[in-house]
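Reading through the structure tokens given below for one structure.
Protein chains: 2
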Amino acid sequence: MATTDKRDPRVVRTHNDVPAVALRLLLDEGWEAVTPVRVATEAGYSRATIYTHWPERIDLLRDAFAQFSEMPHHEASGDAELDLRGELASFSRAMVEHRLDRALATLAERTQTNPEIAPIRNTFVADGERPMRHTLRALAEDPAAEAALLMLTGMVTHSVLMHGTPPSDEVLDAAVDIVMRGLAQRD
Amino acid sequence: MATTDKRDPRVVRTHNDVPAVALRLLLDEGWEAVTPVRVATEAGYSRATIYTHWPERIDLLRDAFAQFSEMPHHEASGDAELDLRGELASFSRAMVEHRLDRALATLAERTQTNPEIAPIRNTFVADGERPMRHTLRALAEDPAAEAALLMLTGMVTHSVLMHGTPPSDEVLDAAVDIVMRGLAQRD
């Protein structure tokens, strides 16, 4: 809320504008485009401003990915089956509508050669998984809850990154059905 | 078998050597390293030889990825639960031991900006999924079989690319358990 943010309004604006520009560059032109110089030009700030707030390029990248945390999640209803379907649907939609597919592919690929990226990826992924993890923990303990989380999120990640398209609604529904029955039937 | 391959043995050797070198370059140094010139140097062939057999760079990349099809899969026993566990274990192992994680991350990322890569990725992924698809089709029809396939393969892909490590054996076992029970309990 604006009233609780005691920072200079210009600093607040900078902290909102610049990561949005960095994310757009990342998704439109790829990783290499996200440089302090390029971001300064595109966002209409001086390089000095950029370097003051984001001393390292990795800081810009971290804040670019953090933009995704603003994305709408499914609103939890308390009905596990409904909530799992809702989360899977919003995850699948974000892949296409918010180009989350590109963000995840980039993080996966860059982490392979640059371990410095791993903490950014880990935070990003943990934030995204949180609502579904919460729903599943109410249904089962580990390792079953963790297995269900990896299967449900993984089916969307795998389908999008490896098949080039999210699972159909019919397949997503079948998956939730299998998981709900499989968890309920455990000893 | 050598007796059924009527090609010049030198050509056969070239067709074995060069993709192996291309794959090693890809995994060690990344996508950009796989050029006809670099592959020729590393494999000890003339550039002319490379261009004769692989006129385009994409041909080299395709054959580099095809090297993975030689990788051992789990030997099917006919017991679905055992076969699913075995396939998941060998998929997880390949991620680490054969750097399949890097191959998949590269394909996922490159396809985002270069649609020419999609057919290579699709063939690669379909080949890898075949044994598990076969096992699951004996247990269920679509969309349940497809959902189970995406969940089981996806949990490994997601865990490796997004969490940086394959699922533990305990979590893989729990997943197979959920899927077997979930499929058995359907109406």
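Residue numbers (UniProt numbering), protein chains in the order written: chain A, 1 to 187; chain B, 1 to 187. All C-beta atoms in this analysis are idealised placements derived from N, C-alpha and C, irrespective of residue type, glycine included.
Going by C-alpha distance, which of A/Val34, A/Gly30, A/Val160 is nearest B/Gly125?
Translated into positions along the second sequence, residue 125 of chain B becomes position 125. Before going on, a small fix: residue 125 of chain B reads as Val here, not Gly. Checked all of A/Val34, A/Gly30, A/Val160; the closest Cα to B/Val125 is A/Val160.
Short-range partners of chain B found in the region 163 to 186 of chain A, where Cβ spacing is below 9 angstroms:
His163, Gly164, Pro167, Ser168, Glu170, Val171, Leu172, Asp173, Ala174, Ala175, Val176, Asp177, Ile178, Val179, Met180, Arg181, Gly182, Leu183, Ala184, Gln185, Arg186
With a threshold of 8 angstroms between beta carbons, is B/Val12 in contact with chain A?
The count along the second sequence starts at 1 and reaches residue 12 of chain B at position 12. False, the Cβ-Cβ gap to chain A never drops below 8 angstroms.
Just the chain B side, please: which residues come within less than 8 angstroms of A/Asp101 by C-beta, in chain order?
The count along the first sequence starts at 1 and reaches residue 101 of chain A at position 101. Under the 8 angstroms cutoff, chain B gives Gln112.
Please identify the residue among A/Pro72, A/Met162, A/Leu25, A/Ala94 whose C-alpha is closest to the C-alpha of B/Arg121.
Residue mapping note: residue 121 of chain B aligns to position 121 of the second sequence, counting from 1. Taking only the C-alpha atoms, the option nearest B/Arg121 is A/Met162.
Among B/Thr113, B/Ala33, B/Leu183, which residue has its Cα nearest to the Cα of B/Leu139?
Against the second sequence, residue 139 of chain B aligns to sequence position 139. Nearest of B/Thr113, B/Ala33, B/Leu183 to B/Leu139, Cα basis: B/Leu183.
Got a sec: which bits of the region 145 to 158 of chain B sit with their beta carbon under 8 angstroms from any beta carbon on chain A, in order along the chain?
Glu146, Ala147, Ala148, Leu150, Met151, Leu152, Thr153, Gly154, Met155, Val156, Thr157, His158
For B/Leu136 and B/Ala145, which I take to be in contact (beta-carbon distance under 8 angstroms), what is that distance rounded to the nearest angstrom?
Counting from one through the second sequence, the residue named residue 136 of chain B turns up at place 136. Counting from one through the second sequence, the residue named residue 145 of chain B turns up at place 145. Between B/Ala145 and B/Leu136 the Cβ distance is about 5 angstroms, and since that is below 8 angstroms, they are a contact.
Which term fits B/Glu109, buried or exposed, when burial requires 16 or more other beta carbons within 10 angstroms of its beta carbon?
Looking up residue 109 of chain B in the second sequence gives position 109. Per the 10 Å Cβ criterion, buried.
For A/Leu60 and A/Val37, which I take to be in contact (beta-carbon distance under 8 angstroms), what is that distance rounded to the nearest angstrom?
As a position in the first sequence, residue 60 of chain A is number 60, starting the count at 1. As a position in the first sequence, residue 37 of chain A is number 37, starting the count at 1. In fact, because the Cβ distance is near 11 angstroms, the residues do not count as touching under 8 angstroms.
Just confirm the distance between the C-beta atoms of A/Leu27 and A/Ala103, as a whole number of angstroms; I'd bet it's less than 8 angstroms.
In the first sequence, counting from the first residue as 1, residue 27 of chain A sits at position 27. In the first sequence, counting from the first residue as 1, residue 103 of chain A sits at position 103. With a Cβ gap of about 7 angstroms, A/Leu27 and A/Ala103 count as contacting.
Sequence-distant residues of the same chain with beta carbon closer than 8 angstroms to B/Thr3, five excluded per side:
The count along the second sequence starts at 1 and reaches residue 3 of chain B at position 3. Reliability of the predicted coordinates at B/Thr3 is poor, the pLDDT of 49 falling under 50, and no value is obtained from them.
Let me confirm a value: B/Glu70 is counted as buried when at least 16 other C-beta atoms fall within 10 Å, else exposed. Which label applies?
As a working note, residue 70 of chain B is residue 70 in the second sequence. By the neighbour-count rule (16 or more Cβ atoms within 10 Å), B/Glu70 is not buried but exposed.
Excluding five sequence neighbours on each side, which residues of the same chain lie with their C-beta closer than 7 angstroms to the C-beta of B/Ile117?
In the second sequence, the residue the question calls residue 117 of chain B occupies position 117. Only Leu107, Arg110, Thr111 meet the Cβ criterion.
Going by DSSP in three states, B/Gly86 sits in which element: helix, strand or coil?
Along the second sequence, one-based indexing puts residue 86 of chain B at 86. Helix, per DSSP.
Against chain A, does B/Gly135 count as a neighbour if the rule is that its beta carbon must be under 8 angstroms from one of theirs?
For the purposes of this step, residue 135 of chain B is taken as residue 135 along the second sequence, with counting starting at 1. Looking at the sequence shown, residue 135 of chain B is not Gly but Thr. Output row for B/Thr135: interface = no.
Scan the UniProt domain "HTH tetR-type" (12 to 72) of chain A and note each continuous alpha helix (DSSP H) run of 4 residues or more that stays entirely inside, going in chain order.
36 to 43, 47 to 53, 57 to 66
Nearest-angstrom Cα separation, counted from A/Ala64 out to A/Ala22:
The residue given as residue 22 of chain A occupies position 22 in the first sequence. The residue given as residue 64 of chain A occupies position 64 in the first sequence. The alpha-carbon atoms of A/Ala22 and A/Ala64 are separated by roughly 5 angstroms.
Which residues in the same chain have their Cβ closer than 7 angstroms to the Cβ of B/Met1, if we skip the five residues on either side of it in sequence?
Position 1 of the second sequence, counting from 1, holds the residue named residue 1 of chain B. Residue placement at B/Met1 is poorly supported in this model, since its pLDDT is 43, which falls under 50; the coordinates are not used for a value here.
Determine whether the beta carbon atoms of B/Val18 and B/Ile50 lie at a separation below 8 angstroms.
Residue numbering aside, residue 18 of chain B sits at position 18 when the second sequence is read from its first letter. Residue numbering aside, residue 50 of chain B sits at position 50 when the second sequence is read from its first letter. It is a contact, given that the beta carbons lie within the stated cut-off.
For a minimum of 4 consecutive residues, which ranges assigned as the alpha helix (DSSP H) are wholly contained in the region 95 to 161 of chain A?
100 to 113, 118 to 137, 144 to 158
Test item: CB-CB of A/Ser90 and A/Val156 under 8 angstroms
Within the first sequence, residue 90 of chain A is the residue found at index 90, counting from 1. Within the first sequence, residue 156 of chain A is the residue found at index 156, counting from 1. No, these two residues do not count as a Cβ contact at 8 angstroms.
Per-residue contacts from B/Ala105 into chain A (C-beta, under 7 angstroms):
The residue given as residue 105 of chain B occupies position 105 in the second sequence. Within 7 angstroms Cβ-Cβ: Ala108, Glu109, Gln112.
Strictly below 8 angstroms CB to CB, what residues from chain A border B/Arg121?
In the second sequence, residue 121 of chain B corresponds to position 121, counting from 1. Going along chain A in sequence order, the residues near B/Arg121 (Cβ under 8 angstroms) are Met162, Gly164.
Note down the Cα distance separating B/His15 from B/Leu100, rounded to an integer number of angstroms.
As a working mapping, residue 15 of chain B is identified with position 15 in the second sequence. As a working mapping, residue 100 of chain B is identified with position 100 in the second sequence. Taking the straight line joining both Cα atoms gives about 21 angstroms.
Applying a beta-carbon distance threshold of less than 9 angstroms, which residues of chain B neighbour A/Pro131?
Counting from one through the first sequence, the residue named residue 131 of chain A turns up at place 131. Result: empty, since nearest Cβ-Cβ is about 16 angstroms, beyond 9 angstroms.
Classify B/Glu75: buried if its beta carbon has 16 or more other beta carbons within 10 angstroms, exposed otherwise.
The residue you call residue 75 of chain B lines up with position 75 of the second sequence. With fewer than 16 other Cβ atoms within 10 Å, it is exposed.
Name the chain B residues whose beta carbon is nearer than 7 angstroms to that of A/Val125?
One-based indexing of the first sequence puts residue 125 of chain A at position 125. By Cβ distance, chain B contributes Met162, His163.
I'd like to know whether the C-beta of B/Pro55 is nearer than 8 angstroms to at least one C-beta of chain A.
Position 55 of the second sequence, counting from 1, holds the residue named residue 55 of chain B. It does not; no Cβ of chain A falls within 8 angstroms.
Applying a beta-carbon distance threshold of less than 8 angstroms, which residues of chain A neighbour B/Gly30?
Position 30 of the second sequence, counted from the first residue, corresponds to residue 30 of chain B. Simply Thr113.
B/Leu172 to B/His134, Cα distance in whole Å?
Counting from one through the second sequence, the residue named residue 172 of chain B turns up at place 172. Counting from one through the second sequence, the residue named residue 134 of chain B turns up at place 134. The alpha-carbon atoms of B/Leu172 and B/His134 are separated by roughly 19 angstroms.
Around the Cβ of A/Asp169, are there at least 16 other Cβ atoms within 10 angstroms (buried) or fewer (exposed)?
Reading the first sequence from its first residue, position 169 is the one you call residue 169 of chain A. So A/Asp169 ends up on the exposed side.
Among A/Pro72, A/Ile178, A/Thr52, the one whose alpha carbon lies nearest that of A/His98
Residue 98 of chain A sits at position 98 when you count from the first residue of the first sequence. When each option's Cα is compared against that of A/His98, the closest is A/Pro72.
Helix, strand or coil at A/Pro9 [DSSP, three-state]
The residue you call residue 9 of chain A lines up with position 9 of the first sequence. Residue state, collapsed to three classes: helix.
Is the CB of A/Thr3 under 8 angstroms away from at least one CB in chain B?
For the purposes of this step, residue 3 of chain A is identified with residue 3 of the first sequence, where counting begins at 1. Bear in mind that a pLDDT of 49 at A/Thr3, under 50, signals an unreliable position, so the model cannot answer this.
Quick one: what does DSSP say B/Ser92 is sitting in, helix, strand or coil?
Against the second sequence, residue 92 of chain B aligns to sequence position 92. Here B/Ser92 sits in helix by DSSP.
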